[in-house]
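**Student:** Residue numbers (our numbering): 22 to 315.
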Ligand SMILES: Nc1ncnc2c1ncn2[C@@H]1O[C@H](COP(=O)(O)OP(=O)(O)O)[C@@H](O)[C@H]1O
Ligand SMILES: [Mg+2]
C-alpha cells in the first residue's frame with residue numbers, strides 16, 4: 022500500500038528564509054497526523070505545497086502514490102481542504118456557499134452534510150459576512166467532511182471554535198477515520214492533537230524536530246503541577262521524571278514526564294492544601310524539551 026502522502030527533501034525558501042527545510046514525511050492510509058508547530062514554523066507553507074498552491078524550491082511530493090506536480094487534477098478529485106482563514110463570498114449565504122462547493126465533487130454526501138449542519142448547530146441562512154470566525158470555520162469543516170474524500174488536509178481548523186464545538190469537531194474527525202479517510206491536521210494545540218491523532222509531527226523554524234506515533238513520543242506526555250503546603254514539603258528534586266521544579270515559600274511547581282501516580286502518592290503524604298494540574302502545552306514543550314533544538 023503506497024503512502025497517502027510522502028514528501029522527500031521538501032524545501033521552500035523565501036529570499037534567505039527557509040520556510041520549510043528538507044521535510045521527509047509520510048502519512049499512511051487511514052491515519053490521522055497532527056502537524057504541530059508554533060506560529061511561523063512552516064505549517065501553512067507545507068500545506069500550500071501539498072495542495073500545489075505554491076511550488077517547492079526543491080524536493081518531491083507524492084500523494085496517493087503519484088508525483089503531485091504532474092497529477093494535480095487527479096489528486097484534487099479525492100482531496101478536501103480546510104484553509105486556516107477560510108475566505109468565502111461575503112454576499113452568499115452559508116446554504117448557497119455549501120451548495121456551490123457540493124458541485125465540485127461527484128459523490129458529495131448531502132445527507133451527511135445535513136447531519137453535520139445540525140451537529141455543528143449552524144444557521145445556514147445568514148450571509149457569510151454576518152458570520153463570526155468560528156461559524157465560517159464550521160462552514161469550511163462541514164463542506165470538507167461532506168466531500169467524503171480519501172484525504173482531508175486541515176490548517177488549524179479548530180481556531181475560533183468554542184469548547185463544545187471543539188468536541189463536535191473531534192467526534193467528526195473520528196467518524197472520518199472510521200470511514201477510512203486519511204487526515205492531515207495542522208494545529209498549535211498539543212492537547213487537541215494528542216486526543217485525536219495517531220501520529221505527531223512537530224516543526225520548529227521550518228524543520229521537523231519530532232515525528233512518530235503517540236506511543237513512541239512518550240516524553241511529550243507531561244503534566245504540570247502546582248501544589249501548596251502549610252508545613253514540610255516532599256523532596257522531589259531527586260526524582261528523574263520531574264523537571265522544572267521550583268520551590269517557593271508555600272508552593273511547589275513542577276512538570277512530571279510520564280505517569281504521575283507515584284509522585285502524587287509522595288506529595289499526598291505531606292498533606293497539601295491544594296493541587297492544581299494540567300497537561301503540558303506545546304508552548305511548555307518548546308520552553309523545556311526543544312529550547313536548544315535548532
Ligand atoms: N509568501 C511569503 N513570503 C515570504 N515569507 C513567507 C511567505 N509565506 C510564509 N512566509 C514565512 O515562512 C515562515 C513559515 O510561515 P507559515 O508556513 O505561514 O507558518 P505557520 O503556518 O506554521 O504559522 C514564516 O516565517 C513566514 O513569515
Ligand atoms: Mg499557518
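We put the beta carbon where it would ideally sit given N, CA and C, even for glycine.
Name the DSSP beta bridge partners of residue 222, please?
**Tutor:** Walking along the chain shown from the start, residue 222 turns up at place 201. In DSSP, residue 222 forms a bridge with 56, 232.
**Student:** Along the chain, where does the alpha helix (DSSP H) containing residue 306 start, and where does it finish?
**Tutor:** As a working note, residue 306 is residue 285 in the chain shown. Here the alpha helix (DSSP H) through residue 306 covers 303-308.
**Student:** Beta-carbon separation of residue 213 and residue 223 under 8 Å?
**Tutor:** Counting from 1 along the chain shown, the entry for residue 213 is found at position 192. Counting from 1 along the chain shown, the entry for residue 223 is found at position 202. Not in contact: residue 213 and residue 223 (Cβ atoms no closer than 8 Å).
**Student:** If we count the other Cβ atoms within 10 Å of its Cβ and call it buried at 16 or more, is residue 158 buried or exposed?
**Tutor:** For the purposes of this step, residue 158 is identified with residue 137 of the chain shown, where counting begins at 1. Result: buried.
**Student:** So, does the CB of residue 270 fall closer than 8 Å to a CB anywhere in chain C?
**Tutor:** Among the chains of the structure shown, chain C does not appear; only one protein chain is present.
**Student:** With H, G and I counted as helix, E and B as strand and the rest as coil, what does DSSP make of residue 269?
**Tutor:** The count along the chain shown starts at 1 and reaches residue 269 at position 248. Here residue 269 sits in coil by DSSP.
**Student:** Would you say the stretch 171-179 touches the stretch 93-107, given that touching needs at least three Cβ pairs under 8 Å?
**Tutor:** Flag = yes, the stretch 171-179 and the stretch 93-107 touch.
**Student:** For residue 274, which residues from the same chain have a beta carbon less than 6 Å from its beta carbon, with the 5 sequence-adjacent residues on both sides left out?
**Tutor:** Reading the chain shown from its first residue, position 253 is the one you call residue 274. Once the five neighbours on either side are set aside, the close Cβ partners of residue 274 are 247, 267.
**Student:** I need the straight-line Cα distance from residue 130 to residue 162, nearest angstrom please.
**Tutor:** Here residue 130 refers to the residue found at position 109 when the chain shown is read from its first residue. Here residue 162 refers to the residue found at position 141 when the chain shown is read from its first residue. Those two C-alpha atoms are separated by around 14 Å.
**Student:** Which of the three DSSP states, helix, strand or coil, is assigned to residue 75?
**Tutor:** Taking the chain shown and counting its residues from 1, one reaches residue 75 at position 54. It is coil, neither helix nor strand.
**Student:** Considering only C-alpha positions, which residue in the set 309, 141, 215 is nearest to residue 234?
**Tutor:** Start at 1 with the first residue of the chain shown, and residue 234 comes out as number 213. Per the Cα distances, 215.
**Student:** Quick one: what's got a C-beta closer than 6 Å to residue 123's C-beta in the same chain, skipping five residues either side?
**Tutor:** Taking the first residue of the chain shown as 1, we reach residue 123 at position 102. These residues qualify, in order along the chain: 129.
**Student:** With DSSP as the reference, please indicate the residues paired to residue 27 in a beta bridge.
**Tutor:** Position 6 of the chain shown holds residue 27. Paired residues: 47, 83.
**Student:** Would you give the residue range spanned by the beta strand (DSSP E) that residue 298 belongs to?
**Tutor:** Residue mapping note: residue 298 aligns to position 277 of the chain shown, counting from 1. Per DSSP, residue 298 belongs to the beta strand (DSSP E) from 295-300.
**Student:** Taking only the alpha-carbon atoms, compute the straight-line gap between residue 87 and residue 97 and give it to the nearest angstrom.
**Tutor:** Taking the first residue of the chain shown as position 1, residue 87 is located at position 66. Taking the first residue of the chain shown as position 1, residue 97 is located at position 76. Cα to Cα, the separation comes out at about 12 Å.
**Student:** Between which two residues does the alpha helix (DSSP H) harbouring residue 164 extend?
**Tutor:** Counting from one through the chain shown, the residue named residue 164 turns up at place 143. 154-167 is the extent of the alpha helix (DSSP H) around residue 164.
**Student:** Determine, using beta-carbon pairs with one atom in the stretch 67-79 and one in the stretch 179-199, whether at least three such pairs fall under 8 Å.
**Tutor:** The answer is no - the stretch 179-199 does not touch the stretch 67-79, with fewer than three Cβ pairs under 8 Å.
**Student:** What is the rounded straight-line gap between the Cα of residue 111 and the Cα of residue 148?
**Tutor:** Stepping through the chain shown from its first residue, residue 111 is reached at position 90. Stepping through the chain shown from its first residue, residue 148 is reached at position 127. So the two alpha carbons sit approximately 6 Å from each other.
**Student:** I need the DSSP call for residue 284, collapsed to helix, strand or coil.
**Tutor:** On the chain shown, residue 284 is found 263 positions in, with the first residue counted as 1. Correct three-state label for residue 284: helix.
**Student:** Could you check which residue in 239, 287, 291, 312 has the C-alpha nearest to that of residue 278?
**Tutor:** Counting from one through the chain shown, the residue named residue 278 turns up at place 257. Out of 239, 287, 291, 312, 239 has the C-alpha closest to the C-alpha of residue 278.
**Student:** Which value, in whole angstroms, describes the spacing of the CA atoms of residue 252 and residue 295?
**Tutor:** Position 231 of the chain shown holds residue 252. Position 274 of the chain shown holds residue 295. Each residue's alpha carbon lies about 13 Å from the other.
**Student:** In angstroms with no decimal places, state the Cα-to-Cα distance between residue 83 and residue 255.
**Tutor:** Taking the first residue of the chain shown as position 1, residue 83 is located at position 62. Taking the first residue of the chain shown as position 1, residue 255 is located at position 234. Distance between the alpha carbons of residue 83 and residue 255: 54 Å.
**Student:** Suppose you measure from the CA of residue 265 to the CA of residue 226; what does that come to, to the nearest Å?
**Tutor:** Here residue 265 is taken as the residue at index 244 of the chain shown, counted from 1. Here residue 226 is taken as the residue at index 205 of the chain shown, counted from 1. Roughly 24 Å separates the two Cα atoms.
**Student:** Candidates 191, 204, 151: which alpha carbon is nearest residue 170's?
**Tutor:** Against the chain shown, residue 170 aligns to sequence position 149. Checked all of 191, 204, 151; the closest Cα to residue 170 is 204.
**Student:** Beta carbon of residue 101, beta carbon of residue 165: below 8 Å?
**Tutor:** Numbered from 1 along the chain shown, position 80 holds the residue referred to as residue 101. Numbered from 1 along the chain shown, position 144 holds the residue referred to as residue 165. Yes. Within cutoff.
**Student:** Run the proximity test for residue 69: is its beta-carbon closer than 7 Å to any non-hydrogen atom belonging to ligand 4?
**Tutor:** This structure simply doesn't include ligand 4; it includes ligand 1 and ligand 2 instead.
**Student:** Quick one: any contact between the stretch 47-60 and the stretch 287-302, if contact means 3 or more CB pairs under 8 Å?
**Tutor:** No, the stretch 47-60 does not touch the stretch 287-302.
**Student:** Could you spell out where the beta strand (DSSP E) holding residue 326 opens and where it closes?
**Tutor:** The chain is shown from 22 up to 315; residue 326 falls before or after that span and cannot be answered.
**Student:** Give the DSSP-derived three-state secondary structure of residue 40 in the structure shown.
**Tutor:** As a first step, residue 40 must be located in the chain shown, where it is residue number 19. Residue 40: strand per DSSP, three-state reduction.
**Student:** Using C-beta distances below 7 Å, list every residue in its chain close to residue 201, excluding the 5 sequence neighbours before and after it, in chain order.
**Tutor:** Here the question's residue 201 lines up with position 180 in the chain shown. Result list for residue 201: 51, in chain order.
**Student:** In this structure, how does DSSP classify residue 118 when only helix, strand and coil are distinguished?
**Tutor:** Counting from 1 along the chain shown, the entry for residue 118 is found at position 97. Note: residue 118 maps to helix in three-state DSSP.
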